[in-house]
Amino acid sequence: MFKLPVILIYVLIAGCAHFHGWQSGCEAFCFSKMEGIMDYVEDMKEELAELRFLNSFEKIGSHYYYFEHWKETNWTTADEECRKMGARLAEIRDEREYNAILPRLQSNMYWLDITNRGQGDHWYSLNTGQPAAFLKWHQGGMDNEGFAVHCVTIFYDDMWDENCMNFDNYICKLQK
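Numbering (mature numbering (1 follows the signal peptide of the UniProt record, and there is no 0)), first residue to last: -28 to -1, 1 to 148.
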């Protein structure tokens, strides 16, 4: 992919030296011609990097998700890892979106962006600060057991409240 721009640059430099000699005027002429080519090469590098990055995300519906099946981390670090990829912990907006991602999950617990921020039964989206748009608790519901701040995971096809310091897998979602 990058061979063509490299060849063009070589031909431009060789042609410049042949027709104009290595005078100071030639340098300005050559660099003015090369500038557009170099800009194009940089744009292509950025586009390629973006394509490689997006390749690790999976499009489901109108959103892109990244499922971390192997690395387990606490909730805060999971959000930091998502941010490094230009995403956030997944915010599930409705049952349709929830059901669309379930088949991609393995038999692990996956962090979502929901926390109670130490406020009991009130659940919020980390991304928006608003009340969680969708919750589907396991049979028996959330338990808020033993610790003040809870965060939400998906396990099989239900949501569970967990100690945010536990180590689980996570789901990232690119924001529009």
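We put the beta carbon where it would ideally sit given N, CA and C, even for glycine. Please read these numbers as outputs of a predicted model, since none were measured by experiment.
Short check: CB of residue 133 to CB of residue 83, under 8 Å?
-> no
Would you tell me roughly how many angstroms separate the C-alpha atoms of residue 73 and residue 11, rounded to the nearest one?
-> 39 Å
For residue 98, name the three-state secondary structure that DSSP assigns.
-> coil
Any heavy atom of the ligand FAD within a distance shorter than 7 Å of the CB on residue 53?
-> Of the ligands one can find in the structure shown there are none, so the ligand FAD has no counterpart to examine.
Can the beta-carbon of residue 62 be found less than 8 Å from the beta-carbon of residue 85?
-> yes
Using only alpha-carbon positions, find the residue among 7, 60, 47 and 41 that is nearest to residue 99.
-> 60
Whose C-alpha, out of 87, 108 and 66, is nearest the C-alpha of residue 101?
-> 87
Burial state of residue 30, where buried means 16 or more other Cβ atoms lie within 10 Å = exposed
Closest by CA to residue 37, which one among 109, 54, 95 and 128?
-> 54
CA-CA distance, residue 69 and residue 33?
-> 8 Å
Below 6 Å CB to CB, which residues in the same chain sit around residue 81 once its five sequence neighbours on both sides are set aside?
-> 125, 127 and 140
Consult DSSP for residue 54 and reduce its assignment to one of helix, strand or coil.
-> helix
Bridge partner(s) assigned by DSSP for residue 49 | Answer by DSSP bridge pairing: none, since residue 49 is not bridged.
What number of angstroms, rounded off, separates the C-alpha of residue 144 from the C-alpha of residue 1?
-> 48 Å
Hey, residue 89 and residue 39: beta-carbon distance below 8 Å or not?
-> no
Provide the residue span of the beta strand (DSSP E) that contains residue 82, from first to last.
-> 81 to 87
Taking the alpha-carbon positions, what's the residue 111 to residue 129 distance?
-> 11 Å
Cβ shell of residue 105 (< 6 Å), same chain only, five flanking positions each side left out = 65
Local Cβ density within 10 Å of residue 41, reported as buried at 16 or more and exposed below that = exposed
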